[in-house]
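First to last, the sequence lines map onto chains C and A. If you count the first sequence from 1, you need to add 1169 to reach my numbering. If you count the second sequence from 1, you need to add 3 to reach my numbering. Where is the CB? At the ideal position from N, CA and C, for every residue including glycine.
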Amino acid sequence: MIQLSEIWPVIWLTLLISGLATIISFVLALPAALFLYFQEFPGRKIVLSLIHTGMGLPPVVVGLFVALLLWRSGPLGSLGLMYTPAAMLIAQIIIAWRIIAGLTWAALQQVDPTLILQAKALGASRLQLALTLFREARLGQISAVIAAFGAVVSEVGAVLMVGGNIKGYTRVLTTAILQETRLGNFSLAIILALILLGLSFAVNWLLTSWQQKGTKSWRLPSWK
Amino acid sequence: MKLKALLINKLFWPLTLLFLLLFLLLPHSISCRHRSASSPQEIILATTTSLYDSGLLDELLPVFEKETGFKVKPIAVGSGEALAMGKRGDADLLLVHAPEMENEFMAGNFGVRREELMASDFVLVGPAEDPAMVKGLPFAEALARIAELRHPFVSRGDKSGTHLLETKLWAKLGLRPAGAWYWQTGQGMAETLRIASEKQAYTLADYPTYHQLSSGLRLSVLSRDPNYQNIYSAILPRNVKNRGNETGGKRLLEFLLSQEARQIITSFGVKQGETESLFRLLK
Chain C
1170 MIQLSEIWPV IWLTLLISGL ATIISFVLAL PAALFLYFQE FPGRKIVLSL IHTGMGLPPV
1230 VVGLFVALLL WRSGPLGSLG LMYTPAAMLI AQIIIAWRII AGLTWAALQQ VDPTLILQAK
1290 ALGASRLQLA LTLFREARLG QISAVIAAFG AVVSEVGAVL MVGGNIKGYT RVLTTAILQE
1350 TRLGNFSLAI ILALILLGLS FAVNWLLTSW QQKGTKSWRL PSWK
Chain A
4 MKLKALLINK LFWPLTLLFL LLFLLLPHSI SCRHRSASSP QEIILATTTS LYDSGLLDEL
64 LPVFEKETGF KVKPIAVGSG EALAMGKRGD ADLLLVHAPE MENEFMAGNF GVRREELMAS
124 DFVLVGPAED PAMVKGLPFA EALARIAELR HPFVSRGDKS GTHLLETKLW AKLGLRPAGA
184 WYWQTGQGMA ETLRIASEKQ AYTLADYPTY HQLSSGLRLS VLSRDPNYQN IYSAILPRNV
244 KNRGNETGGK RLLEFLLSQE ARQIITSFGV KQGETESLFR LLK
């Protein structure tokens, strides 16, 4: 039977990789979304469609793509990244990025355009405009972060492919569940699944309460 | 005002570029940190799933790691995939069980050294009631019978060693299995056994994996064929463009052939409550 001491590193790595991937991809996706919102350029619709297609891309395909790059025989093979947590992080960042970019852009779209006009009329700089937009669309952005975290924490195909599910090194909760299920240790698989659910709930509870705090200030409009 | 807007407008591009740069540099910085820690001593071991699932590697590898300081990364794949990884130089040592494909591999000059390590039995498993009455029959006859009665049969269909044995048997019979009774899972032995159990179908399996899972399966061993042994060998692949860790692969191979490793292999099955070892030594 597996010991608790063997589960801790798995939980820790799951949290570390999913959390880092979500944060990094948010930092990378926000400028992209803002750029797409502000900048009119030829092919903008194509870029958006590509991002939306990416949102439906199976993570396994992302895993395959990253694996092809990182294998020793691949173009980035000399970095020695294949079957490391770093490789898993890269795959997870890509998986989270497409979700955050797509949903953040959608959240920006929903901001009342008159607000932008107003801000422009008041002489807001581009940076100030971006900040205003960011503040106004924060609820949608937190939703995007929640969706992205959910996607990476539950992801199994890509991390298995590029991480290799190595015990004590690249094993995360999802791949551990897969391994224990194939070995017929269903009770352990269920325990791991419950841990994963609990973890996911805890993180989402934090994010949701943060999101809800944001709504309180204007929940009751004065005209009601 | 216009000037200011233009400035920030221009700042947008550098910012985007900065993020792109960050994105490109990030994996590098992580790798550097990681490299100094462990990379030069890393051995990627592409192993067949049955060895991985049996738990034998969990007994062997820590001993080797402790003795030599190398870090072994076992990657569980089918034999076909393991050989493909060896060809590309993506693994430092291969543990496989597909003799024909291995010989091809060696003939193609992709490998430096091949050593047969151990053997286990192949078994034909199926429902205990044995509706096709194949109990005790040699594999070829049993399969012919299952095909004739069109009783459900689950095939690995993944170019693994077990699947290759099955293909060989069908070829010997001159049959091309197809139809609603013949299912290809394309998955590992454990998944395939579970599917066979759920569907109460027949399948070919390696005995160690079956043994590992048997308590949860509604399948019995119906026949063993002394003509077909499951031979596991270790192959040291050619170090393509000097990318791999050849020294590490060699050391691991030598360890697997050592007296110490042989001791672990022999006692492995016994520890699991078997009267005889799950894996037999060959030499």
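For this session: Consider the Cβ of G92/A: report whether some Cβ of chain C lies at a distance smaller than 7 Å.
Result: Output row for G92/A: interface = yes.
Exercise. Taking just the CA atoms, how far does R246/A sit from R221/A?
Worked result: Taking the straight line joining both Cα atoms gives about 46 Å.
For this session: Can you say whether A174/A is buried or exposed, counting buried as having 16 or more other CB atoms within 10 angstroms of its CB?
Result: Looking at its Cβ environment, which holds fewer than 16 other Cβ atoms inside 10 Å, A174/A is exposed.
For this session: Check whether the Cβ atoms of Y1252/C and G1337/C lie closer than 7 Å to each other.
Result: Cβ distance not < 7 Å, so Y1252/C and G1337/C don't count as in contact.
Exercise. Should V273/A and V126/A be called a contact, given that it needs their Cβ atoms to be closer than 7 Å?
Worked result: The Cβ atoms of V273/A and V126/A do not sit closer than 7 Å to each other.
Problem set entry | Contact belief for L1361/C with A1345/C at Cβ below 8 Å, rounded distance in angstroms | The Cβ separation is near 5 Å, so the contact holds.
Exercise. Taking contact to mean at least 3 C-beta pairs separated by less than 8 Å, is the segment 200 to 208 of chain A in contact with the segment 141 to 160 of chain A?
Worked result: By the Cβ criterion, the segment 200 to 208 of chain A is in contact with the segment 141 to 160 of chain A, since at least three pairs of Cβ atoms, one from each stretch, lie closer than 8 Å.
For this session: Check whether the segment 1200 to 1207 of chain C touches the segment 1236 to 1246 of chain C, counting contact only when three or more Cβ pairs, one atom from each stretch, lie closer than 8 Å.
Result: By the criterion of at least three beta-carbon pairs nearer than 8 Å, the segment 1200 to 1207 of chain C is not in contact with the segment 1236 to 1246 of chain C.
For this session: Provide the residue(s) that pair with Q187/A in DSSP beta bridges, ordered along the chain.
Result: BP columns for Q187/A point to S158/A.
Exercise. Among residues of its own chain, excluding the 5 on either side of V1229/C, which ones have a beta-carbon nearer than 8 Å to its beta-carbon?
Worked result: Cβ within range, chain order: G1326, A1327 and M1330.
For this session: Ignore the nearest five residues each way along the sequence and tell me which others in M1224/C's own chain have a CB closer than 7 Å to its CB.
Result: Cβ within range, chain order: R1267, I1268 and G1271.
Problem set entry | 7 Å Cβ cutoff, G219/A in contact with chain C | Look at G219/A: its C-beta is under 7 Å from a C-beta on chain C.
Exercise. Does the Cβ of S163/A have 16 or more other Cβ atoms within 10 Å, making it buried, or fewer, making it exposed?
Worked result: Around the C-beta of S163/A, 16 or more other C-beta atoms lie within 10 Å, and the residue is accordingly described as buried.
Exercise. Near D133/A, which residues of its chain fall below 7 Å by C-beta distance, leaving aside the five closest residues on each side in sequence?
Worked result: Take D133/A, set aside five residues on each side of it, and the residues of its chain with a beta-carbon closer than 7 Å to its own are L225, in chain order.
For this session: For G247/A, go through chain C and note every residue whose CB falls closer than 7 Å to its CB, in chain order.
Result: The contacting residues are R1241.
Exercise. Across which residues does DSSP place S123/A in a beta bridge pair?
Worked result: Note: S123/A sits in a beta bridge opposite N233/A.
Exercise. At which residue ranges does the segment 1282 to 1341 of chain C contain complete alpha helix (DSSP H) runs of 4 or more residues, listed in the order of the chain?
Worked result: Counting only unbroken stretches of 4 or more residues, the alpha helix (DSSP H) elements lying wholly within the segment 1282 to 1341 of chain C are 1282 to 1290, 1295 to 1305, 1307 to 1322 and 1326 to 1332, in sequence order.
Exercise. So, helix, strand or coil for R116/A, using DSSP?
Worked result: Here R116/A sits in strand by DSSP.
Exercise. For G252/A, which option in S261/A, Q262/A, L239/A and T52/A has the closest C-alpha, if you only look at C-alpha atoms?
Worked result: Ranking S261/A, Q262/A, L239/A and T52/A by Cα distance to G252/A puts L239/A first.
Exercise. With DSSP run on the structure shown, which of helix, strand or coil describes K74/A?
Worked result: Residue state, collapsed to three classes: strand.
Exercise. Beta-carbon separation of A1131/C and G1309/C under 7 Å?
Worked result: Only positions 1170 to 1393 of chain C appear in this structure, which leaves residue 1131/C out of reach.
For this session: In angstroms with no decimal places, state the Cα-to-Cα distance between T1301/C and Q1278/C.
Result: In a straight line, the C-alpha of T1301/C is about 13 Å away from that of Q1278/C.
Problem set entry | Contacting residues, own chain, Cβ-Cβ under 8 Å from D124/A (five flanking each side not counted) | D209, Y210, R227, Q232 and N233, listed in sequence order.
Exercise. Within the 7 Å Cβ cut-off, does I46/A reach chain C?
Worked result: Under the Cβ distance rule, I46/A does not count among the residues neighbouring chain C, no pair being separated by less than 7 Å.
Problem set entry | Where I78/A falls, given that 16 or more other Cβ within 10 Å makes a residue buried | By the 10 Å Cβ count, I78/A comes out buried.
Exercise. Considering only the beta carbon of each residue, do S200/A and L120/A sit closer than 7 Å?
Worked result: Between S200/A and L120/A, the C-beta spacing is not below 7 Å.
Exercise. Contact between the segment 147 to 155 of chain A and the segment 258 to 277 of chain A: three or more CB pairs below 8 Å?
Worked result: These segments do not touch.
For this session: To the nearest angstrom, report how far apart G58/A and T212/A are at their CA atoms.
Result: When rounded, the separation of the alpha-carbon atoms in G58/A and T212/A is 10 Å.
Exercise. Would DSSP call L98/A helix, strand or coil?
Worked result: DSSP places L98/A in strand when its eight states are reduced to three.
Exercise. Is there contact between the segment 176 to 189 of chain A and the segment 72 to 89 of chain A, where contact requires at least three CB pairs shorter than 8 Å?
Worked result: For the pair of segments examined, the segment 176 to 189 of chain A was found not to touch the segment 72 to 89 of chain A: the number of CB pairs separated by less than 8 Å stays below three.
For this session: Could you give the DSSP three-state label for G247/A: helix, strand or coil?
Result: Under the three-state reduction of DSSP, G247/A is assigned to coil, being neither helix nor strand.
Exercise. Below 8 Å, can you find three or more Cβ-Cβ pairs linking the segment 1178 to 1187 of chain C to the segment 1279 to 1286 of chain C?
Worked result: Contact between the segment 1178 to 1187 of chain C and the segment 1279 to 1286 of chain C is absent, because fewer than three Cβ pairs lie under 8 Å.
Exercise. What's the C-alpha gap between I1220/C and L1365/C?
Worked result: C-alpha of I1220/C to C-alpha of L1365/C: approximately 28 Å in a straight line.
Exercise. Which class does P1228/C belong to by DSSP, given the choice of helix, strand or coil?
Worked result: Secondary structure at P1228/C: helix, using DSSP grouped into helix, strand and coil.
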